[in-house]
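J.: Numbering (the working numbering), first residue to last: 419 to 808. Here a beta-carbon is modelled for each residue, glycine too, at the ideal position from N, C-alpha and C.
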Ligand SMILES: [Zn+2]
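This is the structure:
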């Protein structure tokens, strides 16, 4: 039994918790509030409420509203410059995974010279240590997907090099405060609720079969899987069901913790390659497309069979006895959430690209392959893409 745990983010979890933001200790006097380039937090009132809470706490605000889905390096660099120009001494992210990821990396680049890729550890990054501590970050998540509100990473895409990489990861990049208020999630459309929920699910399933798994991460992962599998279809069906939203949000935040306790596996490297080349593909949708063939590979290899059985049970198949039952539970959950028929070809992905994607996955995020429960040679990785292709 061995594990290390360091998740220093104060988490305010529960319906209505956004209303308690103003009584928290703030890490600065002027916040750059980072939101997406869409309309949702402006239209549903979340931005106005957040600014009001910050003003009540005596904090000034400047809004940066340009983050796209699968955030780009150029956007992150622009946000960092915006923070400096506006004299912001901390960052508040209000949005989903893309917004929180981008905000963390903006906080890092606001206080450090040069280009983001100077500090990136994977791919063509130069892996230089940070010169200065990032600005403190507060994350208010409006989705239940990436768990980004409680981890130290930000995934950013560099279109020049066609790399989508997890940046940061240093202790100083954990958000100081996370607000997980399921009331903010009731307006997420069904399709995105499903994509995001599956992203959270896969953070836990990967960390559970990972070589880095340990008794602490197992406990958290299984509870996350249980909550997501039971309540995601309800949240997809009826977004206003606050109890379901709450349970899915809980599963998601646990899945965020579990990534700091264990490690994701190559499923995430393989998905990042898909959305690095196809910017419009949502991360969760890419994972769903790969998932069946991906887990089938390890089941056919006969590794960690007992773990697949336990995950199937956590997903509600109480009588599960064989590893393949996990695939049955997974497909059923995808059907119940209306996402069983997603196709790579619908996003313009061609068969001819698959080999190149396998190369990109290993070159940019090779580290996660090391966490796989058994070795996955390059040819096998390509074969998984091919099996998953529709
Ligand atoms: Zn993910």
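1) Should residue 434 go down as buried or exposed, given a rule of 16 or more other Cβ atoms within 10 Å for buried?
2) Any heavy atom of ligand 1 closer than 7 Å to the Cβ of residue 564?
3) Going by alpha carbons, who is nearest to residue 552 out of 692, 458, 774 and 529?
4) For the beta strand (DSSP E) containing residue 512, name the first residue and the last one.
5) Leaving out five residues on either side along the sequence, give the residues of the same chain with a beta carbon under 8 Å from the beta carbon of residue 762.
6) So which of 629, 683 and 563 has the shortest CA-CA distance to residue 672?
7) Does the distance between the C-beta of residue 696 and the nearest non-hydrogen atom of ligand 1 fall short of 7 Å?
8) With respect to the beta strand (DSSP E) encompassing residue 725, which residues constitute its N-terminal and C-terminal limits?
9) Under a three-way DSSP split, which group does residue 559 fall into?
10) Express the C-alpha separation of residue 795 and residue 604 in angstroms, rounding to a whole number.
11) Could you pull out every unbroken alpha helix (DSSP H) segment of at least 4 residues lying fully inside the segment 448 to 487, listed in chain order?
12) Which residue or residues does DSSP assign as beta-bridge partners of residue 581?
13) Do the CB positions of residue 660 and residue 601 come within less than 8 Å of each other?
14) Write down every uninterrupted run of the beta strand (DSSP E) in the segment 770 to 807 whose length is 3 residues or greater and which is fully enclosed by it, in chain order.
15) Threshold first: 4 residues or longer. Then list the alpha helix (DSSP H) segments lying entirely within the segment 655 to 691, N to C.
16) I'd like to know whether the C-beta atoms of residue 485 and residue 504 end up nearer to each other than 8 Å.
17) For residue 429, which three-state DSSP category applies?
18) So if DSSP puts residue 597 in a beta bridge, which residue, or which two residues, is it bridged to?
19) Could you tell me which of 521, 705 and 637 sits nearest to residue 557, measuring between CA atoms?
T.: Concretely, from the data shown:
1) It is exposed - the Cβ of residue 434 has fewer than 16 other Cβ atoms within 10 Å.
2) Of the heavy atoms belonging to ligand 1, at least one sits nearer than 7 Å to the Cβ of residue 564.
3) When only C-alpha atoms are compared, the closest one is 529.
4) For residue 512, the uninterrupted beta strand (DSSP E) segment begins and ends at 508 to 513.
5) Excluding sequence neighbours, residue 762 sits near 692, 707, 806, 807 and 808.
6) Residue 672 has its Cα closest to that of 563, out of 629, 683 and 563.
7) The answer is no for residue 696.
8) Element bounds for residue 725: not the beta strand (DSSP E) but the alpha helix (DSSP H), 723 to 732.
9) Taken through DSSP and simplified to helix, strand or coil, residue 559 comes out as strand.
10) Those two C-alpha atoms are separated by around 42 Å.
11) Along the length of the segment 448 to 487, whole alpha helix (DSSP H) runs at least 4 residues long occupy 458 to 461 and 464 to 474, reported in chain order.
12) According to DSSP, which records beta bridges pairwise, residue 581 is partnered with 576.
13) In this structure, residue 601 lies closer than 8 Å to residue 660 by Cβ.
14) Assignment of beta strand (DSSP E) within the segment 770 to 807, counting only whole runs of 3 or more residues, yields no such run.
15) Entirely contained in the segment 655 to 691, the alpha helix (DSSP H) runs reaching 4 residues are, in chain order, 660 to 679.
16) No, the Cβ-Cβ distance between residue 485 and residue 504 is not below 8 Å.
17) Taken through DSSP and simplified to helix, strand or coil, residue 429 comes out as strand.
18) DSSP lists 430 and 558 as partners of residue 597.
19) Nearest to residue 557 by C-alpha distance, out of 521, 705 and 637, is 521.
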